[in-house]
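The structure under discussion appears below in the form of structure tokens.
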Amino acid sequence: MMSKEKIVKILMVAEEEDITVTLPTLRRLMRLMKIEENVLDELIDEGKVRFEEIPAIGENEARFGKLPVVRLVGKVNQEISEDERSAIELVLRTKTKDAEKYLGIL
Numbered sequence: 001m002m003s004k005e006k007i008v009k010i011l012m013v014a015e016e017e018d019i020t021v022t023l024p025t026l027r028r029l030m031r032l033m034k035i036e037e038n039v040l041d042e043l044i045d046e047g048k049v050r051f052e053e054i055p056a057i058g059e060n061e062a063r064f065g066k067l068p069v070v071r072l073v074g075k076v077n078q079e080i081s082e083d084e085r086s087a088i089e090l091v092l093r094t095k096t097k098d099a100e101k102y103l104g105i106l
């Protein structure tokens with residue numbers, strides 16, 4: 001699977017499951033998946049991904065104020081298997097060290 005497809009799939013699942021993906025989280029996942037930083041830049045240039053800042057809540061509010069959130073632009077027609085969907089959801093909902101074991105599925 002191409003790197004761009006992986007990022008799009010992560011953001012698709014996040015959107016469907018109502019999971020907020022911050023820029024630092026996405027960058028961490030990209031590092032773990034060995035996806036180069038310029039791939040995200042290409043998706044932004046192509047108009048498929050955008051950033052927006054949302055107010056941080058809870059304990060993060062004092063530390064960050066606003067969080068950079070990554071979102072897909074428009075609807076994406078991309079196939080995603082149930083295994084991939086489950087793995088991505090687990091990765092997005094777990095801590096960094098636990099997420100690595102699920103990335104093998106992707």
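Every letter in the sequence shown is one number past the one before it in the numbering used here, and letter 2, counting from 1, is 2. Yeah, the Cβ is synthetic: ideal placement off N, Cα and C, and Gly gets one too.
Beta-carbon proximity check, residue i vs residue j, cutoff 8 Å
{"i": "Ile80", "j": "Met12", "result": "yes"}
{"i": "Ile19", "j": "Leu92", "result": "yes"}
Close-in-space but distant-in-sequence residues of the same chain around residue i (CB under 7 Å, 5 per side omitted)
{"i": "Pro68", "result": "Thr22, Leu23, Phe51, Glu53"}
{"i": "Val39", "result": "Ser3, Lys4, Ile7"}
{"i": "Ala14", "result": "Val21, Leu92"}
Candidates the options, of which the one nearest residue i by Cα
{"i": "Val70", "options": "Asp41, Met2, Glu36", "result": "Asp41"}
{"i": "Gln78", "options": "Lys48, Arg93, Leu32, Ile57", "result": "Lys48"}
{"i": "Asp45", "options": "Glu84, Glu16, Leu72", "result": "Leu72"}
Cut-off 8 Å between Cβ atoms - residues of its own chain near residue i, not counting five sequence neighbours on either side
{"i": "Glu37", "result": "Arg27, Met30"}
{"i": "Lys66", "result": "Glu53, Ile54, Pro55, Ala56"}
Buried/exposed call for residue i, threshold 16 Cβ in 10 Å
{"i": "Lys75", "result": "exposed"}
Residues that residue i bridges to, as DSSP identifies them
{"i": "Pro68", "result": "Glu53"}
{"i": "Thr22", "result": "Val69"}
Cβ shell of residue i (< 6 Å), same chain only, five flanking positions each side left out
{"i": "Ile10", "result": "Ile88"}
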